[in-house]
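All remarks here apply to the structure that follows.
Protein chains: 2
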Amino acid sequence: MATLGAFSKKHKVTVIGSGNWGSTIAKIVAENTKEHSDLFHEQVQMWVFEEEVTLPESSKHYDPKTGSTAQKLSEIINTYHENVKYLPGIQLPSNLIANPSVEDAVKDSSILVFNLPHQFIKRISEQLQGHTLPYARGISCIKGVHVTSSEISLFSEWIGEGLGIYCGALSGANIANEIAEEKWSETTIAYDPPVVDSRAGTPTGPSPSASQTNLVITPADGGLKDVRSKTSKIKLKAVPAEYPPLDHAIFKTLFHRPYFHVRMVSDVAGVSLGGALKNIVALAAGFVVGRGWGDNAKAAVMRVGLLEMVKFGKEFFGDASRAETFTEESCGVADMITSCSGGRNFRCAKMAVEKNISIDEVEKSELNGQKLQGTSTAKEVNSFLKARGKEADYPLFTAVINILEGRNTVDDIPDLLAREV
Amino acid sequence: MATLGAFSKKHKVTVIGSGNWGSTIAKIVAENTKEHSDLFHEQVQMWVFEEEVTLPESSKHYDPKTGSTAQKLSEIINTYHENVKYLPGIQLPSNLIANPSVEDAVKDSSILVFNLPHQFIKRISEQLQGHTLPYARGISCIKGVHVTSSEISLFSEWIGEGLGIYCGALSGANIANEIAEEKWSETTIAYDPPVVDSRAGTPTGPSPSASQTNLVITPADGGLKDVRSKTSKIKLKAVPAEYPPLDHAIFKTLFHRPYFHVRMVSDVAGVSLGGALKNIVALAAGFVVGRGWGDNAKAAVMRVGLLEMVKFGKEFFGDASRAETFTEESCGVADMITSCSGGRNFRCAKMAVEKNISIDEVEKSELNGQKLQGTSTAKEVNSFLKARGKEADYPLFTAVINILEGRNTVDDIPDLLAREV
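Chain order of the listed sequences is A and B.
With the UniProt record's numbering, the residue at position 3 of the first sequence is 3, and numbering never jumps.
With the UniProt record's numbering, the residue at position 164 of the second sequence is 164, and numbering never jumps.
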């Protein structure tokens, strides 16, 4: 844990996002700033996308006299210290302040924690232009990566480039409600900023791995043989020496709780990839269990899936992604296990096979037409692999999209995987 | 797959053991000897521990006229091609021959597949003295390892030393009944014999890893710093050049089926350890789920357990055990996943916590007093670690024995694991 040094300034922390997972992370962070007020300002700002909310009768804050009156969500949170809409029943720390203005919420904050749907990153980044500290650092809690046929980009990178700051990533076997109830859990935080010369206020050159944490892979890079990182274009500002240094120790202090164990790593790409690719594996696990093949087959699919995740990281992110991130960390093997246990992708894939209907139909009947994360990721990853002639090297990922699109059936899985080297 | 060369002799295969798992493996092997009769004698002998069996009325072979007449199990198997007692309902290949005489069953066999309770290894080895081919090779399908406070030994090693042959190991996420029903599954076979000079008929020196596959670790070796392998004392005979070579390819041909996928490795110690240590992890998984902590906590326990398995292999078997055996193979991560899903250790541990009773009581009420594999392994591994002052380095393994013996409670687990490096 980080300890107090001779620093004249403390870090102010803002959480951007207040959904189910956002409110849970904000609770954790606010508990820690209070406990470590030598390092952090106690008060944590949480940006709330403002909406009018009527307290449900089941809420302990419900007042029959004013029951039907709609109130602002931010005011409810600041009055009752509960996000009655997205995290009902959980007491939030009183030093967590809901703020409907994102510009105001980030004012003077040197640590920005992003926890909002990835669709909002671009808009919020634009809105924040000129409002964030130039030397702030970010942690993205947004699961997954963005994949198209031409490139893979990380949400932490979108944030970093959007705001001109460095942004790490947090991911793990993290079902938000369990953590909010303080049931024990683990997570992984990847943080590996380039070294910045504090006098010049500009990077003295990225560290070998940091240079690869902001990656865009495009065919324009010269095809597969030449896939490599482009050095980040961001001119990073050094964190002023008045602050405690923003290193692994201080981020562990900010996020680690007795019920939420943090392991720090440097592999931002691996941490982010794990949260995306595991959803493809969860679909495959659902398929074989739905087919009635039992625990052996499910474990086999998970084993092969884990190996394809490792291979994908190595192949497309090179040394920036380590096998151990997938095989040893919460963001890898543990998150995959959780998703294959009872996650939405697993359950819907299982149901589709059991009822002999398409995933589209399950999405319609069970999710009101909302799409599963796994089906879109499977499609995107396949278009990325196909563009590089690499489908055959990822037999499980390829089997999943082929089953989803009717070119294979679940019965083909063993044969398709027998080709695995 | 191995292909026919210019060999004048074929391998004869014997399966020693005919329980649930033994009959399943014998079915697989017999299917493959039939398909690859260029390499193997079609007929596979299976040693049956003879007993008198009365066909149950539910059996399709039940004859009301002779219904109550007890018959010899070996005769039933050879008549109906079904092991009605230990693998009912599964059709066995007709080229699989049950044999109540183990000495006769192994006659002229160059491949011996061991699949019997480990308690019988010693007696059977003694019984087989002088009856096996001196150049035979073995594969042990017996799960786990033998651990005392002073040493860890592998069952494959017991067999090897008992018969003066080299013996590899097979282990994986392998629930026998699912495989017998030809539901898709995977397994791992470790095989890494020393190089033997075929002219001299004696080892020219073990291969670097093979020298460590026959290990006994004792404090007499000089304590922890000096834990190292002792070179096998067996004088191995070379397999005569008339036979197809007994290499990874031929064992894959013998065991791989469309529904039973085999991966060959060289890490006999890792393959064997995985099948033992996973049971400790399964108890821990049962504890946290029984406590109501949910999927995050279960995945966390499994992640930490996998790391302790890797660490244990590295620490006590050195380079003979590879991290990848645990993190990438069916015998490691996949077998652990299966055991933590619905295995007996998991279920009983969960029940003990839910009902707030001891595991002993669960063993009494649910297993007629039979002991769980996990509880004895946890105790043995703990005595081994304790003798070396290494308990603190394995916080999960140590937490499990401390919970079993009442020195800790499940609520202590997060704290105990926070010390994990």
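No residue lacks a Cβ here, since even glycine has one placed at the ideal position from N, Cα and C.
Note that this is a predicted model, so its numbers are computed, not measured.
{"Asked": "Chain-ordered neighbours of Glu315 of chain B on chain A, where CB pairs are closer than 8 Å", "Found": "The premise fails here: Glu315 of chain B is roughly 16 Å from chain A at the closest Cβ pair, so nothing lies under 8 Å."}
{"Asked": "Closer than 9 Å at the beta carbon, the chain B residues around Pro258 of chain A", "Found": "Pro414, Asp415, Ala418"}
{"Asked": "Under the three-state DSSP convention, the category Glu186 of chain A falls into", "Found": "strand"}
{"Asked": "Alpha helix (DSSP H) segment containing Cys340 of chain A, residue limits", "Found": "335-342"}
{"Asked": "Chain B within 9 Å of Lys183 of chain A, Cβ atoms only", "Found": "yes"}
{"Asked": "Pick from A:Val29, A:Pro56, A:Gly305 that is closest to Val44 of chain A, judged by C-alpha positions", "Found": "A:Val29"}
{"Asked": "According to DSSP, residues forming a beta bridge with Ser166 of chain B", "Found": "First, the residue type needs correcting, since residue 166 of chain B is Tyr and not Ser in the sequence shown. Answer is B:Arg137, bridged to Tyr166 of chain B."}
{"Asked": "Outcome for Lys355 of chain B when other beta-carbon atoms lying within 10 angstroms are tallied against a minimum of 16", "Found": "exposed"}
{"Asked": "Min CB distance Met302 of chain A to chain B below 9 Å", "Found": "yes"}
{"Asked": "Rounded C-alpha distance that separates Gly22 of chain B from Trp47 of chain B", "Found": "10 Å"}
{"Asked": "CB contact check: Ser171 of chain B to chain A, cutoff 9 Å", "Found": "no"}
{"Asked": "Cβ neighbour criterion (16 or more within 10 Å) applied to Asp295 of chain B", "Found": "buried"}
{"Asked": "Cβ of Thr338 of chain B within 9 Å of any chain A Cβ", "Found": "yes"}
{"Asked": "Coil, strand or helix - Ala173 of chain B by DSSP", "Found": "coil"}
{"Asked": "Interface flag, Asp393 of chain B vs chain A, CB-CB below 9 Å", "Found": "no"}
{"Asked": "Coarse secondary structure for Phe49 of chain B, derived from DSSP in three states", "Found": "coil"}
{"Asked": "According to DSSP, residues forming a beta bridge with Ala98 of chain B", "Found": "B:Met46"}
{"Asked": "Asp267 of chain A versus Ala269 of chain B: straight-line alpha-carbon distance, rounded", "Found": "31 Å"}
{"Asked": "Member of B:Lys107, B:Ile165, B:Ala297 whose CA lies at the smallest distance from the CA of Val239 of chain B", "Found": "B:Ile165"}
{"Asked": "Cα-Cα separation between Leu73 of chain B and Met264 of chain A, rounded to whole angstroms", "Found": "59 Å"}
{"Asked": "His248 of chain B, enclosing beta strand (DSSP E) - first and last residue", "Found": "Unbroken run through His248 of chain B is the alpha helix (DSSP H), 248-255; no beta strand (DSSP E)."}
{"Asked": "Residues near Leu416 of chain B by beta carbon distance below 6 Å, same chain, minus five either side", "Found": "Pro395, Ala399"}
{"Asked": "Any C-beta of chain B under 9 Å from that of Leu396 of chain A", "Found": "no"}
{"Asked": "For Phe251 of chain A and Ser110 of chain A, the rounded distance between their alpha carbons", "Found": "12 Å"}
{"Asked": "Buried versus exposed, by CB contacts within 10 Å (16 or more), Gln370 of chain B", "Found": "exposed"}
{"Asked": "Neighbourhood of Ala387 of chain A by C-beta distance below 6 Å, restricted to the same chain and skipping five residues each side", "Found": "Ser149"}
{"Asked": "Among B:Arg291, B:Ala285, B:Leu236, B:Leu39, the one whose alpha carbon lies nearest that of residue 422 of chain B", "Found": "This structure leaves residue 422 of chain B out entirely; chain B is present only between 1 and 421."}
{"Asked": "Any chain B beta carbon closer than 9 Å to Glu361 of chain A", "Found": "no"}
{"Asked": "Below-9 Å beta-carbon distance, residue 450 of chain A vs any chain B residue", "Found": "Only positions 1 to 421 of chain A appear in the structure, and residue 450 of chain A is not among them; the question remains open."}
{"Asked": "Same chain only: Cβ atoms within 6 Å of Ala169 of chain B, ignoring 5 sequence neighbours per side", "Found": "Ser140, Ser156, Ala190, Val268, Val271, Ser272"}
{"Asked": "Three-pair Cβ contact test at 8 Å for the segment 298-306 of chain B versus the segment 366-383 of chain B", "Found": "no"}
{"Asked": "Buried or exposed (CB count within 10 angstroms, at least 16 for buried), Ile357 of chain B", "Found": "exposed"}
{"Asked": "Exposed unless 16 or more other CB atoms sit within 10 angstroms - verdict on Ala392 of chain A", "Found": "exposed"}
{"Asked": "Residues bridged to Gln373 of chain B (per DSSP)", "Found": "DSSP, once it has assigned bridges, lists no residue as partnering Gln373 of chain B."}
{"Asked": "Collapsed DSSP secondary structure at Ile359 of chain A in the structure displayed", "Found": "helix"}
{"Asked": "Distance, Glu366 of chain A Cα to Met351 of chain A Cα", "Found": "10 Å"}
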